[in-house]
Amino acid sequence: MNDKKLNPGERRALLFASTGHALVHSFMLILPAVLIPIMNEFSISATEVGFIGTLSYLMFGLGAIPSGWLTDKYGSRGLVVICLIGSGASSLFIGFSTGLAMLYAGMISLGLFTSIYHPAGLAMISRRIRNIPRALGYHGIFGNIGLAGAPVVSGMIASYGDWRDAYLLFGSISLLIGVYFQLKPLTKGKLDENQANHKEKGTLFPELIIFYLSSIIFGFVYRGTLTFMPYLFTHKVTLWEGLDPIAVGGMVTTAALLTGMLGQWLGGRAAERYSLTLTLIPLWTIVSISLMFMGMTVQYVLVLSAFIFTIFIFAGQPVGNTLLATYSSLKSRGKGYGMNIAIGFGIGSFSATLSGYIAEKYGIGEVFIFLSIIMIPGILLAFWMHLLGRKRAVS
Numbered sequence: 025m026n027d028k029k030l031n032p033g034e035r036r037a038l039l040f041a042s043t044g045h046a047l048v049h050s051f052m053l054i055l056p057a058v059l060i061p062i063m064n065e066f067s068i069s070a071t072e073v074g075f076i077g078t079l080s081y082l083m084f085g086l087g088a089i090p091s092g093w094l095t096d097k098y099g100s101r102g103l104v105v106i107c108l109i110g111s112g113a114s115s116l117f118i119g120f121s122t123g124l125a126m127l128y129a130g131m132i133s134l135g136l137f138t139s140i141y142h143p144a145g146l147a148m149i150s151r152r153i154r155n156i157p158r159a160l161g162y163h164g165i166f167g168n169i170g171l172a173g174a175p176v177v178s179g180m181i182a183s184y185g186d187w188r189d190a191y192l193l194f195g196s197i198s199l200l201i202g203v204y205f206q207l208k209p210l211t212k213g214k215l216d217e218n219q220a221n222h223k224e225k226g227t228l229f230p231e232l233i234i235f236y237l238s239s240i241i242f243g244f245v246y247r248g249t250l251t252f253m254p255y256l257f258t259h260k261v262t263l264w265e266g267l268d269p270i271a272v273g274g275m276v277t278t279a280a281l282l283t284g285m286l287g288q289w290l291g292g293r294a295a296e297r298y299s300l301t302l303t304l305i306p307l308w309t310i311v312s313i314s315l316m317f318m319g320m321t322v323q324y325v326l327v328l329s330a331f332i333f334t335i336f337i338f339a340g341q342p343v344g345n346t347l348l349a350t351y352s353s354l355k356s357r358g359k360g361y362g363m364n365i366a367i368g369f370g371i372g373s374f375s376a377t378l379s380g381y382i383a384e385k386y387g388i389g390e391v392f393i394f395l396s397i398i399m400i401p402g403i404l405l406a407f408w409m410h411l412l413g414r415k416r417a418v419s
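If you count by my numbering, then the sequence shown holds residues 25 to 419, one letter each, in order.
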């Protein structure tokens, strides 16, 4: 694995992509943090709020397919700018919504515009930067900053003001940064050409198909967990007397997701040194076990379990994204990442609705026990990919 440090041009490209990554993930975690105020205002159930989330996350997944095609054809920079400006405008629309229909429309639009990012940003990194695992680890840390910041900020806003203000805040930030990137790009020239001089190779089958199957499971578990994690903490964690439960949910979620930054860094370094598929097996096993504990415990044991969960599930992201770069050809890298997002987060988006139903019917803890069980086939698929890799190496 290439162990060269990032040069100034690579760092600029990484900063450009990673800023977009942080904002996109911020948008995805506003809804879970303001879930209860929305339920109360519109007198709707957790299942319906989960359905709103499902529609947005489904657009987030399906929109990645055309985004991947456009990335390979036209390049990444312009698409990232469109993502930021469009997502910002959609978030402002939600912030000014006056009814449930506007909320639905705004969330669908937000899902579509945020869907642009991952194929464009990940393709940029895999083509422009020599040390892909390390860059993906840093890129993931920025994503976790967005994931961690959105719940606590949104939760505090919803606790002491109007939940719409959270969408107005993040929408304004995204719009301003998108305009800045358009007027003053961080890098000169085309970001997507193969400046890292990666060798072209063909797509590896059936490993890529098995990887996509594992992405469906990962996306299902990831989306269900992140959608209802604040809800879980709101009902099962008390920090101190008088603190609003919604604020508690946002604060503990933020703390848990901040620990995921450590996981991103560890995963990037592990991907440089060890077998990618062999690394995934213990990571996803610990994810499954920690989810089981999250569903069965309360208070500080629950919080500790959540910290372990976030470290290991986010450690798997740079490993998985590097694995996809290994399995896919350079010229179709954008489409490869787009397909991965589409099937992982598109199909996985239905987890929000199903998890909402389970929470309403059986309880919030049962959601996490269910997701723990769902993770087991993913572990088996990772083991299958490892066996295929060993067989290919021998032959």
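Every residue gets a Cβ at the ideal spot worked out from N, C-alpha and C, and that includes glycine.
Exercise for review: Give every residue of the same chain whose Cβ lies closer than 6 Å to the Cβ of V391, excluding the five residues on either side of it in the sequence, and list them in chain order.
Suggested key: For the purposes of this step, residue 391 is taken as the residue at position 367 of the sequence shown. Cβ within range, chain order: F252, S379, I382, A383.
Check your understanding: Helix, strand or coil: how does DSSP classify W408 here?
Key -> In the sequence shown, the residue the question calls residue 408 occupies position 384. Looking at W408 - three-state DSSP - the assignment turns out to be helix.
Exercise for review: Using only alpha-carbon positions, find the residue among L38, V48, F84, N31 that is nearest to I367.
Suggested key: By 1-based counting over the sequence shown, the position of residue 367 is 343. Distances from the alpha-carbon of I367 to those of L38, V48, F84, N31 put F84 closest.
Practice item. Out of S178, T346, D96, state which residue places its alpha-carbon closest to the alpha-carbon of R297. Key: Counting from 1 along the sequence shown, the entry for residue 297 is found at position 273. Of the candidates S178, T346, D96, T346 places its Cα closest to the Cα of R297.
Check your understanding: Apart from the five residues on each side of it in sequence, which residues of its chain come closer than 7 Å, Cβ to Cβ, to A6?
Key -> Nothing about residue 6 can be read from this structure; the chain reaches only from 25 to 419.
Point to revise | Collapsed DSSP secondary structure at R101 in the structure displayed | key: Residue numbering aside, residue 101 sits at position 77 when the sequence shown is read from its first letter. The answer is helix: DSSP assigns R101 an H, G or I state.
Check your understanding: Taking the Cβ atom as the reference point for each residue, do I118 and Y191 lie within a distance shorter than 8 Å?
Key -> Against the sequence shown, residue 118 aligns to sequence position 94. Against the sequence shown, residue 191 aligns to sequence position 167. In this structure, I118 places its C-beta atom within 8 Å of the C-beta atom of Y191.
Check your understanding: Does DSSP classify N168 as helix, strand or coil?
Key -> The residue given as residue 168 occupies position 144 in the sequence shown. Collapsing the DSSP output to three states places N168 in a helix.
Exercise for review: Can you give me the Cβ contacts of W187 inside the same chain, cut-off strictly under 6 Å, excluding the 5 residues immediately before and after it?
Suggested key: In the sequence shown, counting from the first residue as 1, residue 187 sits at position 163. Same-chain partners within the cutoff: V58, P61.
Check your understanding: Who are the near neighbours of H163 in its chain, counting only those whose CB is closer than 7 Å to its CB and skipping five residues on each side?
Key -> Along the sequence shown, read from residue 1 onward, the residue named residue 163 stands at position 139. Contacts found: L38, A41, S42, H45, I149.
Review point. Roughly how many angstroms separate the alpha carbons of Y246 and G372, rounded to a whole number?
Key: For the purposes of this step, residue 246 is taken as residue 222 along the sequence shown, with counting starting at 1. For the purposes of this step, residue 372 is taken as residue 348 along the sequence shown, with counting starting at 1. Roughly 8 Å separates the two Cα atoms.
Review point. Helix, strand or coil: which one does DSSP assign to T262?
Key: Here residue 262 is taken as the residue at index 238 of the sequence shown, counted from 1. Coil at T262, not helix or strand.
Check your understanding: Expressed to the nearest angstrom, what Euclidean distance is found between the alpha-carbon atoms of T303 and V276?
Key -> Sequence index remark: in the sequence shown, residue 303 carries index 279 (1-based). Sequence index remark: in the sequence shown, residue 276 carries index 252 (1-based). C-alpha separation (whole angstroms): 28 Å.
Point to revise | Inter-stretch contact at 8 Å, needing at least 3 Cβ pairs: the segment 166-174 / the segment 277-286 | key: Touching, yes, given that three or more Cβ pairs across the two stretches are closer than 8 Å.
Review point. Given P401, which residues of its chain have a CB within under 7 Å of its CB, disregarding the five upstream and five downstream residues?
Key: Translated into positions along the sequence shown, residue 401 becomes position 377. Taking P401 as the centre and dropping the five residues before and after it, the same chain places the C-beta of I241 closer than 7 Å to its C-beta, in chain order.
Check your understanding: If we call anything under 8 Å between Cβ atoms a contact, is L86 one with G370?
Key -> Sequence index remark: in the sequence shown, residue 86 carries index 62 (1-based). Sequence index remark: in the sequence shown, residue 370 carries index 346 (1-based). In contact: L86 and G370 (Cβ atoms closer than 8 Å).
Practice item. Tell me, please, whether the segment 95-112 touches the segment 130-137 by the rule of three or more beta-carbon pairs shorter than 8 Å. Key: Three or more beta-carbon pairs separated by less than 8 Å link the segment 95-112 to the segment 130-137, which places the two stretches in contact.
Check your understanding: Whole-angstrom Cβ separation of F336 and I310, contact assumed at under 8 Å?
Key -> In the sequence shown, residue 336 corresponds to position 312, counting from 1. In the sequence shown, residue 310 corresponds to position 286, counting from 1. Yes, F336 and I310 are in contact; Cβ-Cβ is about 5 Å, under 8 Å.
Practice item. Name the residue from F407, L103, L263, P157 whose alpha carbon lies nearest to the alpha carbon of V343. Key: Here residue 343 refers to the residue found at position 319 of the sequence shown. Selected option, being the one with the closest Cα: P157.
Point to revise | Inter-residue spacing [alpha-carbon to alpha-carbon] between I169 and H49 | key: Locating residue 169 in the sequence shown gives position 145, counting from the first residue. Locating residue 49 in the sequence shown gives position 25, counting from the first residue. Cα to Cα, the separation comes out at about 9 Å.
Point to revise | Rounded Cβ spacing between Q323 and V261 (contact assumed at less than 8 Å) | key: Numbered from its first residue, the sequence shown carries residue 323 at position 299. Numbered from its first residue, the sequence shown carries residue 261 at position 237. That pair is a contact at about 6 Å.
Check your understanding: Is L38 helix, strand or coil by DSSP?
Key -> If you number the sequence shown from 1, residue 38 lands on position 14. DSSP places L38 in helix when its eight states are reduced to three.
Check your understanding: Out of curiosity, what's the CA-to-CA distance linking I140 and E265?
Key -> The sequence position of residue 140 within the sequence shown is 116, counting from 1. The sequence position of residue 265 within the sequence shown is 241, counting from 1. Answer to the nearest angstrom: the Cα atoms are 43 Å apart.
Exercise for review: Could you name the residues of the same chain whose beta carbon sits closer than 6 Å to that of L256, not counting the 5 residues immediately before and after it, in chain order?
Suggested key: Counting from 1 along the sequence shown, the entry for residue 256 is found at position 232. So the list reads I388, once near-sequence residues are dropped.
Point to revise | Complete alpha helix (DSSP H) runs within the segment 106-160 (minimum length 4 residues, chain order) | key: 124-138, 141-152
Check your understanding: Which residue comes first and which comes last in the alpha helix (DSSP H) that contains W308?
Key -> Taking the first residue of the sequence shown as position 1, residue 308 is located at position 284. That run of the alpha helix (DSSP H) goes 300-320.
Exercise for review: Pull up the distance between the alpha-carbon of L411 and that of L405, whole angstroms please.
Suggested key: In the sequence shown, residue 411 corresponds to position 387, counting from 1. In the sequence shown, residue 405 corresponds to position 381, counting from 1. The straight-line gap from Cα to Cα measures roughly 10 Å.
Point to revise | W289, DSSP secondary structure in three states | key: As a position in the sequence shown, residue 289 is number 265, starting the count at 1. In the structure shown, W289 falls within a helical segment according to DSSP collapsed to helix, strand and coil.
**Study point:** Spatial distance of G33 from I153 (CA atoms)
**Key:** In the sequence shown, counting from the first residue as 1, residue 33 sits at position 9. In the sequence shown, counting from the first residue as 1, residue 153 sits at position 129. So the alpha carbons of these two residues sit roughly 9 Å apart.
Point to revise | Assigned secondary structure, Y191 (DSSP; H/G/I helix, E/B strand, else coil) | key: Counting from 1 along the sequence shown, the entry for residue 191 is found at position 167. Reduced to three states, the DSSP call for Y191 is helix.
Review point. So M318 packs on I165, CB below 8 Å; how close in whole Å?
Key: Indexing the sequence shown from 1 puts residue 318 at position 294. Indexing the sequence shown from 1 puts residue 165 at position 141. Going by Cβ atoms, the distance from M318 to I165 rounds to 23 Å, so no, they are not a contact pair.
Exercise for review: Would you kindly check if the distance between the Cβ of K385 and the Cβ of G92 is under 8 Å?
Suggested key: Position 68 of the sequence shown, counting from 1, holds the residue named residue 92. Position 361 of the sequence shown, counting from 1, holds the residue named residue 385. Result no, Cβ atoms of G92 and K385 do not sit closer than 8 Å.
Practice item. Would you mind giving the Cβ-Cβ distance between G13 and A339, rounded to the nearest angstrom? I have them listed as a contact below 8 Å. Key: Nothing can be reported for residue 13: it is not among the residues displayed for the chain, which extend from 25 to 419.
Check your understanding: Which one of I76, P143, M52, A349 has the shortest CA to CA distance from T13?
Key -> With the chain represented from 25 up to 419, any question about residue 13 goes unanswered, as that position is not in the structure.
Check your understanding: Smallest Cα separation from G202: which of G102, G167, L237, E65?
Key -> Sequence index remark: in the sequence shown, residue 202 carries index 178 (1-based). G202 has its Cα closest to that of G102, out of G102, G167, L237, E65.
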